[in-house]
Amino acid sequence: MSIETRPTPETNIEKSASELIRLEEVTKRFGGNTVLDRLSFSVDAGRHVTLIGPSGSGKTTILRLLMTLMKPDEGTITVGGRQLYPASEKQVREVRKNIGMVFQQFNLFPNMSVLRNITEAPVTVLGMSKDEAAERARELLDLVGLADKCDARPAQLSGGQQQRVAIARALAMRPQVLLLDEVTSALDPELVAGVLDVLRDIARTTDITMLCVTHEMNFARDISDQVLMFDSGRVVESGPPEKIFSDPEQERTREFLGAVL
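Below you can see the structure in the form of structure tokens.
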């Protein structure tokens, strides 16, 4: 895996040659509550984009739409030049193979070893041989600092270790896109740093496109090429982290950062 040089991120919706993710006029409602309001933005391949903003502003909903855990009410979503919504179920499954997600909760299979938790999807979904999947899993466990935990069960691991296994499991599918949804929020404070260090290493040493929802502002500053500030289902402000965190233009961004920094 190689490190790619990334140009300064664009902040508009004009299509670029390296665009990987595109949401256009996406609306999502829950009853009478509009969570995403005609949202449009794009992410270029290899970029690390962090979504910040108050709870309920629509950030996690975006990740769940990209994971096809829910569908938008309006608009289009495209990944890798192929439409994710609207699209046939077959096309959705094919596009979905290129997307991995790490959730707030670890969601590991408690009856499986760590190694099998990581190899199960590559074997059953991608058709990878068990030997190849196991070799890949061991490489990833080494990457996340758990090379000695192949045979352990999730219950034998700390929360931080389980989340690192979940990260390895997502990477085992060789995704183009890695979605991270508040991956440290369920961890005890002393375990947060280890998980964030693993994600920093992945951001620094791979060309995976990352879309991250987090309240860890220092982490967002470290790994992001672009930061999107959300409020009421819309992007209030967008820009490189040094601009958003040091000299935001919008009063709403200043208010939010003043409360969390």
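Numbering follows full-length UniProt numbering, with no gaps: position 12 of the sequence shown is 12. Even glycine gets a Cβ: it sits at the ideal position worked out from N, Cα and C.
- For E251, the secondary structure class from DSSP, reduced to helix, strand or coil, is helix.
- For I223, the uninterrupted alpha helix (DSSP H) segment begins and ends at 217-223.
- Taking a C-beta distance under 7 Å as the contact criterion, V79 and V95 qualify as a contact pair.
- Closest option to I244, judged by alpha-carbon separation, among A259, G233, E251, V227: V227.
- The criterion of a C-beta distance shorter than 7 Å is not satisfied by P72 and L66.
- DSSP, read as helix, strand or coil, puts D148 in helix.
- The beta carbons of G159 and T34 sit no closer together than 7 Å.
- Between the alpha carbons of R116 and I21 lies a distance of about 30 Å.
- Residues L20, A45, V79, G80, N98, I99, I208, T209 of the same chain have their beta carbon placed closer than 8 Å to that of Q176, with the five preceding and five following residues left out of the count.
- The residues L108, P110, Q162, in chain order, have a CB closer than 6 Å to that of P154 in the same chain once the five nearest residues on each side in sequence are set aside.
- Across the structure, E255 and E242 are spaced so that their CA atoms are roughly 17 Å apart.
- The alpha-carbon of L180 is positioned some 6 Å away from that of M101.
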